[in-house]
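Structure first, commentary second.
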Amino acid sequence: MIALYTVMEGVIAFFLIAGSIFALIGSLGLSRMKDFYMRLHGPSKISTLGVGCVLLASIAYFSLLDGGPSLQELLITIFLFITAPVSAHMLSKSALHQKLAYDPRTRGDPEELQEDDDERTLEETPQGSSKLP
Amino acid sequence: MLDFALKVSVTLFAIAIVLNLYRVAVGPSLPDRILALDTMYVNSIALIVLFGIWLGHRTYFEAALLIAMLGFVSTVAVCKYLLRGDIIE
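Read top to bottom, the protein sequences are chains A and B.
Residue numbers for the first sequence follow the UniProt record's numbering, so the first one is 1 and each next one is one higher.
Residue numbers for the second sequence follow the UniProt record's numbering, so the first one is 1 and each next one is one higher.
Structural data, given as structure tokens:
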């Protein structure tokens with residue numbers, strides 16, 4: 001029994017340290033990256049994973065304490081893992097709606113940010129020479 | 001070992017929340033600030049869970065669940081306001 005407690009203590013400590021390091025890296029990316037579209041990556045993926053690790057550690061700790069499975073924290077985990085992509089999607093939609101400035105190294109050309117360029121190139125092309133599909 | 005791990009992880013989460021607070025204060029645009037607040041409530045859920053492990057009982061579990069639900073609803077509401085200019089159309 002003593003060996004079980006020691007092993008479980010090591011597992012819980014590992015999950016706590018790993019989760020907090022993941023959350024710190026996510027917040028570091030939030031505070032250090034260049035533009036909004038890069039900054040969205042850190043919190044929406046890595047911080048969610050870090051909090052998931054901490055909640056797993058909590059599940060293990062209370063299961064060990066009660067001597068039976070305690071799955072209440074799984075409710076928060078499932079809720080966070082469902083809602084984090086939804087809020088990231090809403091945030092990116094509002095950022096594209098506001099046409100935030102982006103770094104030239106940001107990849108992927110969304111249509112919302114290319115609208116002005118398309119209009120300008122359409123005006124520059126002479127009439128009648130455009131190829132019809 | 002568990003006490004040491006708890007102290008280290010609480011310290012790291014506190015540093016993460018300070019970094020989020022920096023982004024809330026500096027953030028050049030409004031979606032940046034909303035994103036930083038979103039990350040802040042996720043990190044505060046983890047801090048509350050760590051406090052529950054520290055105390056050894058589950059009094060604060062409902063507080064974490066409430067923060068999770070209200071934080072998601074508020075983030076979506078502010079994003080909807082930025083997108084449409086209205087929350088409930």
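For every residue, glycine included, the Cβ atom is placed at its ideal position computed from N, Cα and C.
Values in this document were obtained by computation on a predicted structure and should not be read as measured data.
Query                                                                                                                                              : Result
Please classify E124(A): is it buried, with 16 or more other beta-carbons within 10 angstroms of its beta-carbon, or exposed?                      : Low per-residue confidence applies at E124(A): pLDDT is 49, beneath 50, and the placement is therefore not dependable, though the value from the model is reported in the following sentence. It is exposed - the Cβ of E124(A) has fewer than 16 other Cβ atoms within 10 Å.
Assuming L55(A) and T77(A) form a contact by the criterion Cβ under 8 Å, report the distance between their Cβ atoms to the nearest whole angstrom. : 5 Å
Which same chain residues end up closer than 7 Å to N20(B) when comparing Cβ atoms and leaving out the 5 residues on each side of it in sequence?  : A36, T39, M40, N43
Do the stretch 26-33 of chain A and the stretch 7-21 of chain B touch if we need at least three Cβ pairs shorter than 8 Å?                         : yes
So which residues of chain A does I87(B) contact, with C-beta pairs closer than 7 Å?                                                               : Those within 7 Å of I87(B) in chain A number zero; the least Cβ separation is about 12 Å.
Whose C-beta lies closer than 8 Å to the C-beta of E112(A) among residues of the same chain, with five residues either side of it excluded?        : L96, H97, K99
May I ask you to report which of helix, strand or coil DSSP gives L38(B)?                                                                          : The amino acid occupying residue 38(B) in the given sequence is Asp; Leu does not appear at that position. Of the three classes helix, strand and coil, the one that applies to D38(B) here is helix, per DSSP.
Just checking: is the beta-carbon of M90(A) within a distance shorter than 7 Å of some beta-carbon in chain B?                                     : yes
Cutting at 7 Å between CB atoms, please list the residues of its own chain near T48(A), excluding the five before and the five after it.           : L80, F81, A84
From the beta carbon of F13(B), is the nearest beta carbon of chain A less than 7 Å away?                                                          : yes
Please compile the residues from chain A whose C-beta is within a distance smaller than 7 Å of the C-beta of A36(B).                               : L30
Contact criterion: CB-CB distance below 7 Å. Does L83(B) meet it with respect to chain A?                                                          : yes
Using the Cα positions of D32(B) and K45(A), report the straight-line distance between them to the nearest angstrom.                               : 16 Å
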